[in-house]
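To start, the structure under review is shown below, and the notes come after it.
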Amino acid sequence: MRRNPPAPRASRPDATDWLLVADVLAGLHATPKRLSPAYLYDRRGSQLFEAICDLPEYYLTRTETGILARHAAEMAACVGGQALLLEPGSGSSRKTRLLLDALPGLGAYVPVDISRTHLLEAARALQTAYPRIEVLPVCADFTQGFTLPPPRHRPSRVVVFFPGSTLGNFDAPQAVRLLELMRRTAGAGGGLLVGIDLAKDPAILEHAYNDAAGVTAAFNMNLLVRLNRELAADFDTGCFRHEAVWMPAQSRIEMHLVSVRAQSVHIAGESIAFAAGEPLVTEHCHKYTAESFAHQARSAGWAPRRAWSDPRGWFSVQYLETV
Ligand code: AVI
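In case it helps, this note's numbering puts the sequence shown at residues 599 to 921.
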């Protein structure tokens, strides 16, 4: 079995990493062991995720982009003129352009992202491409809430744009909390345009998260590389394998890193024992039905108004309004 060269060991993690250390240790002591999917997205992880979006098996991005391209005018009519469009986790704002092209009367666009460099680069490019729209970037972790920057002109309403099926990466109680937070941010008369991946043949789903080129495996494994680098852990990536399994009872794909043999890993002064075959859960990707999403949205104070899908019925973009 291949062993990686030992990671260079820092004497101890940087003081700013203690929150990360505490969260990672809590996850590694849980049953089953798990880590927050947020940690998948360091610089390398974000690059690998971009590559995943172009994979033949990963239908989500292509399908949602097709829906946005086909129905942008109808979505724009729901958003209306002089609105403020707010996008949590905006990244490169690639899909947003499809909507902005159909929204010449938009008042302001507020991209929100935790990565400042990425955010400011994307905001600058958008401001150049859409000089009539006021672009107001906010660097924040959208799950924690943030203050909306005041736009030059009072918007007719606030509409949250949350594409990409990112909501599916939150477990039900967290997803409801996030939808509630979005409702409070949008305020009275506000709207939500959200991308939702739908439950389908498990073989299609498992392929989407187990691609032949191994990009998703590299994305998943990069989490261990990150912990070795940032927390001076000694995960041997040759002793874990990527797996993505459909869990019908929970209607989700689970991404795992499976320990291929009994082993101990050292991290922040603790020794964590893995049994042979034991999974470390790194991500949940929930797949909805129209009904299960509507139920979740209603319990967070949103009323479903419109839905658009692709010819195969694999993905859905939904428009909701505050109740
Ligand atoms: C970001 N998120 C919507 C992706 C998904 O499909 O759940 C993350 C991902 N994980 C593996 N492949 C893609």
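Glycine is no exception: its CB is placed at the ideal position from the N, C-alpha and C atoms.
Query	Result
Minimum C-alpha distance to Asp832 - residue among Ala797, Ala871 and Tyr807	Ala871
Integer-rounded CB distance, given that Cys837 should sit under 8 Å from Arg859	6 Å
Continuous beta strand (DSSP E) stretch holding Thr880: start and end	Pro877 to His884
Check whether Ser763 and Asp795 have beta carbons under 7 Å apart	yes
Expected contact under 8 Å - CB spacing of Ala847 and Leu646 to nearest Å	That belief does not hold up - the Cβ atoms of Ala847 and Leu646 are roughly 29 Å apart, past 8 Å.
Close Cβ partners of Gly899 (< 6 Å) along its chain, the five nearest in sequence each way excluded	Arg781 and Val921
Which of helix, strand or coil DSSP assigns to Pro604	Only weak support exists for where Pro604 lies, its pLDDT of 35 falling under 50; the coordinates are left without a value.
Member of Trp844, Tyr917, Glu919 and Leu825 whose CA lies at the smallest distance from the CA of Trp616	Leu825
Proximity test, Asn592 beta-carbon vs the ligand AVI heavy atom, cut-off 6 Å	What is shown of the chain runs 599 to 921, which leaves residue 592 out entirely.
Bridge partners - Pro709, DSSP secondary structure assignment	Glu685
Separation of Ser849 from Ser907, as counted between CA atoms	19 Å
The ligand AVI heavy atom lying under 6 Å from the CB of Ser897	no
7 Å Cβ cutoff met for Leu734 and Val708	yes
Proximity winner among Glu881, Leu829, Gln894 and Leu878, relative to Ala620 (alpha-carbon distances)	Leu829
Closer than 6 Å: Gly762 CB and nearest the ligand AVI heavy atom	yes
Whole-angstrom C-beta distance between Ala905 and Ser933, which should lie under 8 Å	Nothing about residue 933 can be reported from this structure: the residues present for the chain run from 599 to 921 only.
For Ala895 and Leu918, believed in contact at Cβ under 8 Å, the rounded distance	6 Å
Check whether Phe740 and Leu683 have beta carbons under 7 Å apart	no
Secondary structure of Ser763, DSSP reduced to three states	coil
Beta-carbon proximity list for Asn767, same chain, < 8 Å, skipping 5 on both sides	Pro635, Glu881, His882, Cys883 and His884
Selection from Arg668, Ile851, Gln725 and Leu701 that minimises the alpha carbon distance to Ser690	Gln725
Contained beta strand (DSSP E) runs [length at least 3] in the stretch 763-823, N- to C-terminal order	789-795
Beta-ladder partner(s) of Val758, from DSSP	Leu684 and Leu790
Of the residues Gly911, Ala700 and Arg692, the one placed nearest Ala681, counting alpha carbons only	Ala700
Residue from Glu662, Pro748 and Tyr807 with nearest C-alpha to His854	Tyr807
Completely contained beta strand (DSSP E) runs for the stretch 830-897, where each covers 3 or more residues	838-845, 850-857, 861-865, 868-872 and 877-884
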